[in-house]
Amino acid sequence: MRILSAALAAIGLLVSTPAILASSATVQAAGRDLVVVDAAWRADLERTGLPVLRLDDFYKDADDPTLPRIPEGRPNAGLVDWDHPSSWLLDDAFEALTSLCRDGVVDVPVYDIATSRRTGRQHLDLAGSGHFVADGIFAQEIVPRAAAAGLLADALCLRQHAAITFWRRLTRDLREHRKPPPVLVRRGLALMHAQREVIAHAVALGCRPVSNQQALADIARLTGASRV
1143 MRILSAALAA IGLLVSTPAI LASSATVQAA GRDLVVVDAA WRADLERTGL PVLRLDDFYK
1203 DADDPTLPRI PEGRPNAGLV DWDHPSSWLL DDAFEALTSL CRDGVVDVPV YDIATSRRTG
1263 RQHLDLAGSG HFVADGIFAQ EIVPRAAAAG LLADALCLRQ HAAITFWRRL TRDLREHRKP
1323 PPVLVRRGLA LMHAQREVIA HAVALGCRPV SNQQALADIA RLTGASRV
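Here it is as structure tokens:
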């Protein structure tokens, strides 16, 4: 089974049987926001009908001593750097992805962003689907491994204007009371300026930068769907 992965600057999709990995420069630059990605994209993703492996559920718990910290001289210095790949369990995520491709089922963690910890487990069943989407801020980090293992169908990097990403992320985070407003604003601005670097990093790892609509068209063509 291959995977379809897409990340929106912070969002990623992985598909099973052939895997389609999508990385999002928009979401990744949004940091954990990628986990959320914008509502429009999530709605589009749901309409594809493909099973979704939530890679953002593989974040480390807040009390993990190995969590990276934002260095001095940067906004929110000293706080946990949730936008750094080291805040995420790559090996665990790849193991789940591999199991899903091989067996069609896997038990995965449920992660609560507000409390920064795992709150349970859930069972994911592909129910015979030939593809699945692995979505998450660090989806692009899995692309090289998935490709080497023969699991990758495609790797997409979703992108949109940085200012749009900033506003959507900020309004969402304020609505969900994720962090104090000053922290959210400073973090959002820093991520906005880093978006170009995020896209370049995703491309270096094997992703193709595309718009949301192009990603949907590519997924439809790959999976043989008449429309998504």
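In our numbering, the protein residues as written are 1143 to 1370.
The beta-carbon is built from N, C-alpha and C at its ideal position, and this holds for glycine as well.
Everything numeric in this text was worked out from a predicted model, so none of it was measured.
- Residue pairing by DSSP places W1230 opposite Y1201 in a beta bridge.
- Here P1210 has V1222, D1223, H1226, S1228 and S1229 as same chain residues with Cβ atoms under 8 Å from its own Cβ, once five neighbours each way along the sequence are excluded.
- Three or more beta-carbon pairs separated by less than 8 Å are not found between the region 1265-1284 and the region 1303-1313, which leaves the two stretches without contact.
- With respect to L1195, V1250 sits close: the two C-beta atoms are nearer than 8 Å.
- Taking a cut-off of 8 Å on C-beta distances, the region 1331-1346 does not touch the region 1287-1296, as fewer than three cross pairs fall below it.
- Minimum Cα-Cα distance from R1260 among the listed residues G1191, D1360 and L1197 corresponds to L1197.
- Put simply, the backbone Cα of R1189 is about 43 Å away from that of E1214.
- Secondary structure of T1261 (DSSP, three-state): strand.
- In the structure shown, the three-state DSSP call for D1277 is strand.
- By DSSP's assignment, L1195 forms a beta bridge with A1276.
- Between G1348 and D1234, the alpha-carbon positions lie close to 21 Å from each other.
- Boundaries of the beta strand (DSSP E) around V1247: V1247 to D1254.
- Within the same chain, Cβ atoms closer than 6 Å to the Cβ of V1352 are found at L1298, the five residues on either side in sequence being excluded.
- Spatial neighbours of D1203 in its own chain (CB-CB distance under 8 Å, excluding positions within 5 residues in sequence) are listed in chain order as S1258, R1259 and R1260.
- Sixteen is the threshold: when 16 or more other Cβ atoms of the shown chains lie within 10 Å of the Cβ of G1278, as they do, the residue is buried.
- For R1320, the secondary structure class from DSSP, reduced to helix, strand or coil, is coil.
- Annotation: V1248 to D1296 spans about 22 Å, alpha carbon to alpha carbon.
- One Cα belongs to Q1264, the other to R1301, and the distance between them is close to 30 Å.
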